[in-house]
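Here the structure is laid out as structure tokens; the discussion comes afterwards.
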Amino acid sequence: MKLLIVFSLIPLFNLLTPGLPVTHDGQDHVARIANFYLSLSEGNMIPRWAGNLNWGYGHPILMFLYPLPSYVASLFHALGLSFVDSTKLVFALFYVASVLAMYVWLRNHWGKIPGYVGAILYGFAPYRFVDLYVRGAIGEHVAFVFLPLVLLGLYKKSPMLTTFSMAGLILSHNAISLMFLPIIALYILFLKRDTRFLFFACYSLFLGFLVSAFFWIPAFFEGKYTLRDIVTKGEFGDRFVPWSWFFSSPWNYGGGNQLTKELGITQWLSVVISLFYLRKKQNRVVILTLLLILFIVLFLMTQGSAFIWNTISLLQKFQFPWRLLSVAVFITSVLGAFAVAHLPKKTMVAVILVGLSLMTTSHMWKAKEYTVRHESFYAGIYESTTDTGESSPIWSVRFMEKRAAAAIEVIEGNADVELGRRTTTSREYKVKTQTPTRLAENTLYFPGWRISVDGQPAGIEFQDPNYRGLMTFQLEKGDHQVIIDFVETKLRMAANLISVAGLVLLLFWYAKIRSHTASV
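Plus 21 on top of the position in the sequence shown (first one is 1) and you've got our numbering.
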């Protein structure tokens with residue numbers, strides 16, 4: 022285990038470089054985390070509104086963005102680290118954890134040496150370094166920890182581990198959790214235990230969905246209020262991968278269509294070795310199943326599968342077909358462990374595979390460059406939505422283009438406005454109007470925002486073409502106390518209660534199991 026930790030730390034040395042790695046999404050992730058932390062520090066246990074994004078007009082991206090990496094990074098920031106260092110620590114911590122989690126799970130099936138090999142294959146696949154040093158894809162990176170933990174929980178019949186790992190997977194990345202569900206289902210069938218085990222497995226996973234409901238229910242059902250389906254429609258069409266790229270494609274720091282899609286030399290070698298065991302009847306089902314999954318996954322990343330993507334709308338939620346490389350990384354790691362487990366000279370082959378994994382990926386263990394910016398760049402007004410506009414409210418423009426002249430503006434009539442307390446999710450104003458007046462709050466409207474005038478609900482207009490997506494409202498002549506705040510909708514409150522109910526059910530179930538075990 023110690024040696025495995027040492028091996029997994031080696032590719033992370035480059036993160037000790039001062040500043041933030043220049044990646045596709047890294048800078049935006051730090052800005053999101055900064056906004057997440059700001060909302061959290063204001064008392065919002067479930068941050069959903071990023072107040073400083075989108076040129077200060079705010080953005081609902083936190084509602085649709087996997088929150089677990091942000092919670093962990095926020096903890097590190099609260100302990101004194103900068104937002105950049107907190108983000109880098111999340112990348113490092115979960116990378117090491119993913120390798121160890123894979124090892125522990127595989128060890129339970131085939132022993133230490135195969136476990137080492139499978140864990141190294143899992144951590145040292147080229148796509149892992151694409152996520153780390155090219156894309157900066159923090160959600161996908163974190164999700165790699167939880168699949169082996171879910172499988173370990175099922176193997177150990179641990180309700181706590183299975184439930185929280187399933188919840189962790191969902192809270193790490195929406196799309197990746199969907200990709201891994203078929204593998205989890207097949208593993209349950211592979212274990213082939215009695216009906217009590219089937220109940221345990223299904224109930225544990227069900228509780229995992231309940232515990233994470235505070236995130237995925239609003240993200241799924243309130244997505245209709247965003248530009249998601251418009252912006253991402255057909256995006257997968259030009260992201261398919263040539264078959265040859267799975268075998269060899271140069272390492273680079275280019276965009277989605279340029280970055281390497283190589284499965285890895287050691288990974289392919291593991292596939293080849295596993296083929297020799299097809300002759301043995303007892304191994305045939307496992308190997309054929311894994312190879313079939315691998316072939317299907319690779320096929321779904323190629324142009325030949327376009328008709329499937331056009332037919333099955335669920336696949337389109339993945340955005341990029343090559344995201345399925347996450348599944349391929351897992352499958353080849355299991356194949357490698359399985360192959361070594363059935364070899365007579367395990368140690369020698371293990372040393373070769375581990376050494377080859379390190380040698381063939383060593384040039385990938387670094388970022389293209391680093392950038393150093395002040396904390397205020399990420400925590401202050403950020404001149405981006407941090408996405409491609411898919412989370413923008415459907416009644417607004419895709420991106421704002423400049424900062425507002427003021428937090429609130431008088432657009433009709435005459436009034437004096439005194440600014441009061443302001444947080445990311447609330448604003449208070451004292452307004453003295455000389456005539457009936459119309460004002461524009463320079464914050465994008467999204468369900469949950471409400472305006473009260475002198476303690477009474479006020480109507481919100483957010484589809485004025487001259488103030489598209491912004492909240493405008495009317496005031497009569499006189500002195501007024503205006504409070505504008507962002508609260509949970511009925512759907513979000515229900516989702517929160519479902520998560521609480523999931524935790525309660527888990528605790529009752531766990532207590533019942535412990536009580537039964539103690540009495541036996």
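We treat Cβ as the ideally placed atom computed from N, Cα and C, and that holds for glycine. Remember, it's a predicted structure, so these values are computed and weren't measured experimentally.
Ranked by Cα distance from Thr-444, the options Asn-487, Ile-504, Glu-430 and Gly-476 are led by Ile-504. In the three-state reduction of the DSSP assignment, Phe-494 falls in the strand class, which pools E and B. Take the alpha-carbon of Leu-96 and the one of Pro-90: they are about 10 Å apart. Each residue's CA atom was taken as its position, placing Leu-356 and His-384 some 25 Å apart. Each of Gly-132, Ala-436, Asn-463 and Trp-470 was checked against the Cα of Gln-455, and the nearest Cα belongs to Ala-436.
The beta carbon of Leu-199 is closer than 8 Å to those of Leu-335, Lys-338 and Phe-339 in its chain, skipping five residues each way along the sequence.
Comparing alpha-carbon positions, the option among Val-431, His-363 and Ile-67 lying closest to Trp-237 turns out to be Ile-67. DSSP places His-80 within a strand segment (E or B) once states are collapsed to three. Contact between the region 506–522 and the region 232–252 is present: three or more C-beta pairs spanning the two stretches fall below 8 Å. In the three-state DSSP reduction, Phe-341 falls in the coil class, being neither helix nor strand.
Only exposed fits His-537, as fewer than 16 other CB atoms lie within 10 angstroms of its CB.
DSSP places Pro-414 in the strand class (E or B) of the three-state scheme. Secondary structure of Asn-65 (DSSP, three-state): coil. With a threshold of 16 other beta carbon atoms within 10 Å, Glu-161 meets it and is buried. In the DSSP annotation of this structure, Leu-465 is not part of any alpha helix (DSSP H); the continuous beta strand (DSSP E) holding it starts and ends at 458–465. A residue is called buried when at least 16 other Cβ atoms come within 10 angstroms of its Cβ; Val-474 meets this threshold and is buried.
The beta strand (DSSP E) runs of length 3 or more contained entirely in the region 337–410 do not exist; there are none. Taken through DSSP and simplified to helix, strand or coil, Pro-468 comes out as strand. A Cβ-Cβ contact shorter than 9 Å links Trp-126 with Pro-169. Secondary structure at Tyr-450: strand, using DSSP grouped into helix, strand and coil. The beta carbon of Ala-71 sits closer than 7 Å to those of Arg-53, Asn-56, Gly-79, His-80, Ile-82 and Leu-83, all from its chain and outside the five residues before and after it, given in chain order.
If you draw a straight line from the Cα of Leu-309 to the Cα of Lys-245, it comes to about 41 Å. Per DSSP, Asp-250 lies in no beta strand (DSSP E) segment; the continuous alpha helix (DSSP H) that holds it begins and ends at 249–252.
Within the DSSP secondary-structure output, Leu-41 pairs in a beta bridge with Thr-392.
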